[in-house]
């Protein structure tokens, strides 16, 4: 049957619209309650008000039956107020889970919990422990014992989670500060807020101050946009050193307060913050590897109903290259929504996440670490490329054998070369593919401006490929049709080692390309890939594909209801086409190949 409940009743029983719930008959009638302890959810409710007490009593008497944890929505002083039932007891003092409200039942309104009680209750509910963190064991070990710790790494890798776990495990008073939110437009207010935070931390020591996005609060002073930012940096430096000129204030907080900060832009912080005695320990929270992702997925899935086996979780960890902890949590949430929709639609008895739900969720949630670039497993296989057998074999030897997982490609970018390589290193093994690399790697000095953007980009590219920081499990693949204008330094061993000339397809290659294309078309039996290959001497692979597409369009122009493409359609389109690869172009590539000793 269908059951209608108010929103507050749904909240009280932990259900949502559309959920299936079970109803059972009580064996005995509920006992009449002697005392009900009610607590407002907000801090600014006057629990001493007699009028409020009467409202709550009448509300409870109307609903008759109550239980611990039930929520109540009551309009008081023209605004809605939410209350919760903390505990209930009988006349003999015994505490019970539920009972009946009578006119003799006493109602007691209590104040909202104080800070210490709130902290204890939060611990009892759900605190973040070290065992709740997957894939970050070494980073957690590095947190003990710190004075000032700077956590840096891509968003979603678990920086905030680690800080919460440290606070929970140590039992320290924790204060969370968002770097952007604490800033104020009024003179001196930002510094005052920071000072108040440190004074609260010292008063409730031992304490942990966690500053999220600290780069918004403390940029480099020489590049700071305003005097406010410079004063904020100076204030934070003074407080972290524990030196204060105000009489009676804390004088040495270094042994009482630990400051943990997080950023994904460590190089934008003021250098003075990163010296010993302030943030004297810097821990990189990097992109998780397959074992880390396996640990993260196990940690997440242990708290949700699922039918996933350990081997299935291991397979998911191997598939989620480039995913950080937040991405994996998002995948599990999306899989949960998919499972709920299936549960409601099919009316299944057991609601659990399966491997099909997780795989469908992977198609929705993309890895955030590579969001600015193009990360995909291409749906193009070697058999989809006709001919060029020697070239394909050399590419397999150079790229496919060392790497088993691809992170396909980034496009041309003059400003983001360093970021591209940083992301590739972080998400290794990966491939960086530069299409039309001649656009960013032109010979130096070819521009009238000796310090042109192209020259600077090329210098950065050379440094990234063969600089101080080595490329480990990162392969650079580039394509161009103007090899003569590429700077020679890029083509030397140690940078682009293997240079392959991909010429026009020969007869066998053209036949293979036609075979692949004809499989995708409805053609007449008189269409012969061998004859078409003979007709198209000098055609490139793209021109062969274009000829097939034009033949299909020609057949539709004749008859919109045409069922098949005939040989005459190919012949007609061939007679109208012109070769785009001229003899001069072929001679140029042949000459360049002989000069450079390129591989065929």
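Numbering (UniProt numbering), first residue to last: 1 to 600.
Yeah, the Cβ is synthetic: ideal placement off N, Cα and C, and Gly gets one too.
Collapsed DSSP secondary structure at residue i in the structure displayed
{"i": "residue 321", "result": "coil"}
{"i": "residue 501", "result": "coil"}
{"i": "residue 81", "result": "strand"}
{"i": "residue 422", "result": "helix"}
{"i": "residue 20", "result": "coil"}
{"i": "residue 233", "result": "helix"}
{"i": "residue 282", "result": "strand"}
{"i": "residue 266", "result": "helix"}
{"i": "residue 475", "result": "strand"}
{"i": "residue 87", "result": "strand"}
{"i": "residue 442", "result": "strand"}
{"i": "residue 485", "result": "helix"}
{"i": "residue 607", "result": "Beyond the ends of the chain as shown, which are 1 and 600, falls residue 607; an answer cannot be given."}
{"i": "residue 198", "result": "helix"}
{"i": "residue 186", "result": "coil"}
{"i": "residue 157", "result": "coil"}
{"i": "residue 417", "result": "helix"}
{"i": "residue 25", "result": "coil"}
{"i": "residue 463", "result": "helix"}
{"i": "residue 374", "result": "Annotation note: pLDDT 45 at residue 374 (below 50); position unreliable, coordinate value reported separately. In the structure shown, residue 374 sits in coil (DSSP, three-state: anything other than H, G, I, E or B)."}
{"i": "residue 9", "result": "helix"}
{"i": "residue 578", "result": "coil"}
{"i": "residue 162", "result": "helix"}
{"i": "residue 495", "result": "coil"}
{"i": "residue 275", "result": "coil"}
{"i": "residue 559", "result": "coil"}
{"i": "residue 398", "result": "Only weak support exists for where residue 398 lies, its pLDDT of 46 falling under 50; the value from the coordinates is given anyway. Three-state DSSP puts residue 398 in a helix."}
{"i": "residue 167", "result": "helix"}
{"i": "residue 192", "result": "helix"}
{"i": "residue 428", "result": "coil"}
{"i": "residue 290", "result": "helix"}
Straight-line gap, residue i to residue j (C-alpha atoms, nearest Å)
{"i": "residue 346", "j": "residue 340", "result": "10 angstroms"}
{"i": "residue 103", "j": "residue 54", "result": "12 angstroms"}
{"i": "residue 377", "j": "residue 430", "result": "In this prediction, residue 377 has a pLDDT of 48, which is less than 50 and means its spatial position is unreliable; what the coordinates show is noted afterwards. Rounded to the nearest angstrom, the two C-alpha atoms are 11 angstroms apart."}
{"i": "residue 188", "j": "residue 199", "result": "16 angstroms"}
{"i": "residue 304", "j": "residue 352", "result": "8 angstroms"}
{"i": "residue 589", "j": "residue 536", "result": "20 angstroms"}
{"i": "residue 4", "j": "residue 152", "result": "49 angstroms"}
{"i": "residue 473", "j": "residue 317", "result": "19 angstroms"}
{"i": "residue 175", "j": "residue 268", "result": "24 angstroms"}
{"i": "residue 357", "j": "residue 39", "result": "41 angstroms"}
{"i": "residue 287", "j": "residue 170", "result": "26 angstroms"}
{"i": "residue 438", "j": "residue 425", "result": "23 angstroms"}
{"i": "residue 460", "j": "residue 218", "result": "28 angstroms"}
{"i": "residue 272", "j": "residue 222", "result": "12 angstroms"}
{"i": "residue 571", "j": "residue 585", "result": "26 angstroms"}
{"i": "residue 256", "j": "residue 235", "result": "18 angstroms"}
{"i": "residue 511", "j": "residue 463", "result": "43 angstroms"}
{"i": "residue 575", "j": "residue 569", "result": "10 angstroms"}
{"i": "residue 338", "j": "residue 350", "result": "14 angstroms"}
{"i": "residue 343", "j": "residue 282", "result": "46 angstroms"}
{"i": "residue 285", "j": "residue 167", "result": "18 angstroms"}
{"i": "residue 8", "j": "residue 83", "result": "10 angstroms"}
{"i": "residue 13", "j": "residue 156", "result": "32 angstroms"}
{"i": "residue 97", "j": "residue 80", "result": "26 angstroms"}
{"i": "residue 323", "j": "residue 466", "result": "27 angstroms"}
DSSP beta-bridge partners of residue i
{"i": "residue 100", "result": "32, 65"}
{"i": "residue 173", "result": "207"}
{"i": "residue 148", "result": "259"}
{"i": "residue 109", "result": "38"}
{"i": "residue 212", "result": "178"}
{"i": "residue 434", "result": "478"}
{"i": "residue 565", "result": "523"}
{"i": "residue 219", "result": "269"}
{"i": "residue 95", "result": "89"}
is_contact[residue i, chain B] using C-beta, thresh 8 angstroms
{"i": "residue 465", "result": "Absent from the structure: chain B. Only one protein chain is present."}
Next item on the list: Mind the definition here: the segment 207 to 216 touches the segment 262 to 269 only if three or more C-beta pairs lie below 8 angstroms; say whether that holds.
Entry: yes
Check: Can we say the segment 79 to 92 touches the segment 30 to 41, given the rule of at least three CB pairs closer than 8 angstroms?
Finding: yes
Notebook entry, point to check: Just checking, does the segment 514 to 531 make contact with the segment 543 to 562 on the three C-beta pairs under 8 angstroms criterion?
Noted result: yes
Next item on the list: Decide yes or no for the touch test of the segment 183 to 198 against the segment 147 to 166: beta carbon pairs closer than 8 angstroms, at least 3 of them.
Entry: no
Next item on the list: Only counting runs of 4 or more residues, tell me where the alpha helix (DSSP H) segments fall wholly within the segment 501 to 554, in order along the chain.
Entry: 507 to 519, 529 to 535
Notebook entry, point to check: Enumerated in chain order, which unbroken segments of the beta strand (DSSP E) with a length of 3 residues or greater are wholly contained in the segment 30 to 76?
Noted result: 35 to 40, 65 to 67, 71 to 76
Notebook entry, point to check: Considering only residues of the segment 292 to 366, which uninterrupted alpha helix (DSSP H) runs meet the minimum length of 4 residues and lie entirely inside it, listed in chain order?
Noted result: 310 to 319, 325 to 346, 355 to 362
Item checked: Meets three-Cβ-pair contact criterion under 8 angstroms: the segment 350 to 365 and the segment 326 to 339 -> yes
Note to self: Between the segment 536 to 546 and the segment 497 to 511, can you find at least three pairs of beta-carbon atoms closer than 8 angstroms?
What the structure shows: yes
Next item on the list: Assess, as a yes-or-no matter, whether the segment 425 to 444 is touched by the segment 484 to 494 under the definition of 3 or more beta carbon pairs within less than 8 angstroms.
Entry: yes
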